[in-house]
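Engineer: I'd like to ask you about the structure that follows.
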Amino acid sequence: MQKQKVIVILGQTATGKSDFAVKVAKKYNGEIISADSRQVYKGLDIGTGKISKKEMRGIPHYLIDVVSLKKKFAVTEYQKKAISAIAEILSRGKTPVICGGTGFYIDAITKGVVFPTVPPNLKLRKILEKKSTEELFKILKKLDTRRAKNIDSKNKVRLVRAIEIATAIGKVPEIKETKSPFKFIKIGLYLPEDKLKKKIEKRVKKMFQMGLLKEIKRLKKAGVSDKRLKEFGFEYFNPTPEKVIKETIKYAKRQMTWFKRDKEIKWFEPIESKAILAFLNESSDKLQVKLK
RNA sequence: GCGUCGGUGGUAGAGUGGUCAAUUACAACAGACUGUAAAUCUGUCGCCUUCGGGCUACGAAGGUUCGAAUCCUUCCCGACGCA
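All the letters of the first sequence, read from the start, carry residue numbers 89 to 380 under my numbering.
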């Protein structure tokens with residue numbers, strides 16, 4: 089059977105993914121699934137650069153505004169929801185277009201990573217978080233030598249989670265990837281460094297103009313704690329334009345470190361939109377040919 | 001003009017005779033990534049290197065000393081105070 093085609097549009101922040109995805113969706117009878125770890129939350133709009141209703145130009149967008157700020161969202165939930173969204177879109181004879189900059193989320197779908205199903209154990213976490221990384225590493229070593237070997241022994245967050253899994257089910261399962269029933273066509277949008285920086289500056293300034301500070305005030309009023317605000321990213325904790333620009337540039341670099349590993353991504357500058365559309369046509373043709 | 005304090009690596013800023021190529025932070029560069037992922041974490045960060053080490057460096061030039069970023073002299077520059 090032919091694998092059904094899913095278009096993926098990824099790239100660093102401020103490269104114009106959202107707009108481009110709408111364009112592609114228009115052209116290919118598509119619907120968009122966002123791959124952004126923060127845009128899933130209701131109420132984080134300006135700081136996350138969420139696309140507006142108007143900018144959506146009538147294209148349905150999935151996985152935006154799907155959880156309350158009080159709930160914690162995680163990759164696994166994203167994975168589940170995104171995969172069912174893909175199925176649903178395809179069942180209506182439309183093309184799913186995944187668009188976003190959260191590499192981890194994109195891989196969760198396109199690589200079919202199987203995550204351990206152990207839920208967070210807040211009590212245990214509280215205890216573990218008080219310990220030093222050395223202590224945590226020792227504990228993990230005792231519980232699961234295999235995972236201890238490949239874990240980052242200085243990364244507390246990872247150590248805590250690994251111990252959490254190991255205490256629940258004995259050992260951390262080896263990482264597994266399952267073959268996806270879909271064919272993903274990955275398009276990466278990139279900009280030369282100086283252009284990217286300029287776009288980031290522009291974008292951040294616009295954020296402040298649009299009322300980022302007001303948005304934060306509103307969140308605080310709604311009972312969001314400082315700690316939680318920090319979790320929502322640097323835009324949400326005592327931001328100044330300079331600080332946000334600086335942090336965004338660093339973040340963009342981290343994104344690229346992630347994307348670089350994926351050799352399936354075909355990279356384009358956003359201005360090459362014709363070339364991209366041609367590439368998409370070609371990719372879908374190839375699929376058709378394989379069919380015969 | 002006199003006096004005081006200061007001039008340290010891309011920046012800020014420690015160090016005040018040896019363990020100093022120089023704490024640390026930031027920036028920069030590279031990287032990791034098993035339910036927090038705009039998160040979390042790692043490495044490199046004067047030049048050269050056969051990775052043992054070699055060379056040049058703490059405003060400039062001299063000097064003291066076995067040894068100086070650190071002490072002395074002069075000069076240059078900056079801040080402040082007095083004229």
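Note that the Cβ used here is the ideal one computed from N, Cα and C, for glycine as well.
Candidates 91, 97, 92 and 90: which alpha carbon is nearest residue 365's?
Structural biologist: Taking the first sequence and counting its residues from 1, one reaches residue 365 at position 277. Put simply, of 91, 97, 92 and 90 the residue whose alpha carbon is nearest the alpha carbon of residue 365 is 97.
Engineer: Which partner residues does residue 270 have in the DSSP bridge list?
Structural biologist: Residue mapping note: residue 270 aligns to position 182 of the first sequence, counting from 1. For residue 270, which the question treats as bridged, DSSP gives the partners 92.
Engineer: What number of angstroms, rounded off, separates the C-alpha of residue 363 from the C-alpha of residue 163?
Structural biologist: Residue numbering aside, residue 363 sits at position 275 when the first sequence is read from its first letter. Residue numbering aside, residue 163 sits at position 75 when the first sequence is read from its first letter. Near 32 Å, if we compare the C-alpha coordinates of residue 163 and residue 363.
Engineer: Going by DSSP in three states, residue 172 sits in which element: helix, strand or coil?
Structural biologist: On the first sequence, position 84 is the one that residue 172 refers to. Here residue 172 sits in helix by DSSP.
Engineer: If you pair each beta-carbon of the stretch 179–190 with each one of the stretch 113–128, do three or more pairs fall below 8 Å?
Structural biologist: yes
Engineer: Leaving aside the five residues before and after residue 232 along the sequence, list all residues of the same chain whose C-beta is less than 6 Å from its C-beta, in chain order.
Structural biologist: As a working note, residue 232 is residue 144 in the first sequence. Excluding positions up to five away in sequence, the list reads 254, 259 and 260.
Engineer: Determine the direct distance from the alpha carbon of residue 360 to that of residue 208, and round the result to whole angstroms.
Structural biologist: Counted from its first residue, the first sequence places residue 208 at position 120. Counted from its first residue, the first sequence places residue 360 at position 272. Roughly 44 Å between the two C-alpha positions.
Engineer: Please report the residue range of the alpha helix (DSSP H) in which residue 292 lies.
Structural biologist: For the purposes of this step, residue 292 is taken as residue 204 along the first sequence, with counting starting at 1. Taken as a continuous stretch (DSSP letters only), the alpha helix (DSSP H) holding residue 292 covers 281–298.
Engineer: Under 8 Å, do residue 135 and residue 278 count as touching if we go by C-beta distance?
Structural biologist: Translated into the one-based positions of the first sequence, residue 135 becomes position 47. Translated into the one-based positions of the first sequence, residue 278 becomes position 190. No; because the gap between Cβ atoms is not below 8 Å, this pair is not in contact.
Engineer: Given this structure, state the Cα-to-Cα distance separating residue 314 from residue 304, to the nearest angstrom.
Structural biologist: The sequence position of residue 314 within the first sequence is 226, counting from 1. The sequence position of residue 304 within the first sequence is 216, counting from 1. Cα to Cα, the separation comes out at about 10 Å.
Engineer: Measuring alpha carbon to alpha carbon, tell me which residue in 273, 126 and 326 is nearest residue 94.
Structural biologist: As a position in the first sequence, residue 94 is number 6, starting the count at 1. Looking from the CA of residue 94, the closest CA among 273, 126 and 326 belongs to 273.
Engineer: Between the stretch 293–313 and the stretch 217–227, can you find at least three pairs of beta-carbon atoms closer than 8 Å?
Structural biologist: no
Engineer: Assuming contact is defined by CB atoms lying nearer than 8 Å, are residue 190 and residue 124 in contact in what I supplied?
Structural biologist: Sequence index remark: in the first sequence, residue 190 carries index 102 (1-based). Sequence index remark: in the first sequence, residue 124 carries index 36 (1-based). Taking 8 Å as the Cβ cut-off, residue 190 and residue 124 qualify as a contacting pair.
Engineer: If contacts are defined as beta-carbon pairs under 8 Å, then residue 55 and residue 199 qualify, I think. What distance do you get, rounded to the angstrom?
Structural biologist: The displayed coordinates of the chain run from 89 to 380. Any statement about residue 55 would go beyond what the structure contains.
Engineer: Along the beta strand (DSSP E) that carries residue 154, what are the first and last residues, could you check?
Structural biologist: Sequence index remark: in the first sequence, residue 154 carries index 66 (1-based). It is not in any beta strand (DSSP E) - residue 154 carries neither H nor E in the DSSP assignment.
Engineer: By the DSSP assignment, the beta strand (DSSP E) with residue 191 in it spans what residues?
Structural biologist: What you label residue 191 is simply residue 103 of the first sequence in a count that begins at 1. Unbroken run through residue 191 is the alpha helix (DSSP H), 191–198; no beta strand (DSSP E).
Engineer: Apart from the five residues on each side of it in sequence, which residues of its chain come closer than 7 Å, Cβ to Cβ, to residue 247?
Structural biologist: Here the question's residue 247 lines up with position 159 in the first sequence. Excluding positions up to five away in sequence, the list reads 221, 224, 225, 228 and 239.
Engineer: Closest to residue 299 by C-alpha separation, out of 324, 275, 195 and 317, would be which residue?
Structural biologist: By 1-based counting over the first sequence, the position of residue 299 is 211. Nearest option by C-alpha distance: 324.
Engineer: With H, G and I counted as helix, E and B as strand and the rest as coil, what does DSSP make of residue 129?
Structural biologist: As a position in the first sequence, residue 129 is number 41, starting the count at 1. Reduced to three states, the DSSP call for residue 129 is strand.
Engineer: May I ask you to list the residues that DSSP assigns as paired with residue 118?
Structural biologist: As a position in the first sequence, residue 118 is number 30, starting the count at 1. Residue 118 pairs with 183.
Engineer: How would you call residue 105, buried or exposed, if buried means at least 16 neighbouring beta carbons within 10 angstroms?
Structural biologist: As a first step, residue 105 must be located in the first sequence, where it is residue number 17. If you draw a 10 Å sphere on the C-beta of residue 105, you find 16 or more other C-beta atoms in it, and that means buried.
Engineer: Within the same chain, show all residues whose beta-carbon is closer than 8 Å to that of residue 353, passing over the 5 residues directly before and after it, in chain order.
Structural biologist: If you number the first sequence from 1, residue 353 lands on position 265. Hits under 8 Å: 98, 274, 275, 276 and 347.
Engineer: When the Cα of residue 92 is compared with those of 286, 370, 322 and 175, which residue comes out closest?
Structural biologist: As a working mapping, residue 92 is identified with position 4 in the first sequence. Cα-wise, what sits closest to residue 92 is 175.
Engineer: Can you give me the start and stop residues for the alpha helix (DSSP H) that residue 225 sits inside?
Structural biologist: As a position in the first sequence, residue 225 is number 137, starting the count at 1. In the DSSP annotation of this structure, the continuous segment of the alpha helix (DSSP H) that includes residue 225 starts and ends at 221–231.
Engineer: Quick check on DSSP: helix, strand or coil for residue 364?
Structural biologist: As a first step, residue 364 is located in the first sequence; it is residue number 276 there, counting from the start. It is helical.
Engineer: Excluding sequence positions up to five away, which residues of its chain have a Cβ less than 6 Å from the Cβ of residue 140?
Structural biologist: For this step, residue 140 is matched to residue 52 along the first sequence. Nothing meets the Cβ criterion.
Engineer: Residue 327: buried (16+ other C-beta within 10 angstroms of its C-beta) or exposed?
Structural biologist: Counting from 1 along the first sequence, the entry for residue 327 is found at position 239. When all chains shown are included, residue 327 counts as buried.
Engineer: Keeping to the same chain, check which residues put their C-beta closer than 8 Å to that of residue 340; ignore five residues upstream and five downstream.
Structural biologist: What you label residue 340 is simply residue 252 of the first sequence in a count that begins at 1. So the qualifying residues of the chain are 100, 101, 102, 284 and 288.
Engineer: Note down the Cα distance separating residue 112 from residue 131, rounded to an integer number of angstroms.
Structural biologist: Position 24 of the first sequence, counted from the start, is the residue given in the question as residue 112. Position 43 of the first sequence, counted from the start, is the residue given in the question as residue 131. Using only the alpha carbons, I get a separation of about 27 Å.
Engineer: Return the residue from the list 178, 160, 245 and 250 that minimises the CA-CA distance to residue 204.
Structural biologist: Mapped onto the first sequence, residue 204 falls at position 116. Among 178, 160, 245 and 250, the Cα nearest to that of residue 204 is on 250.
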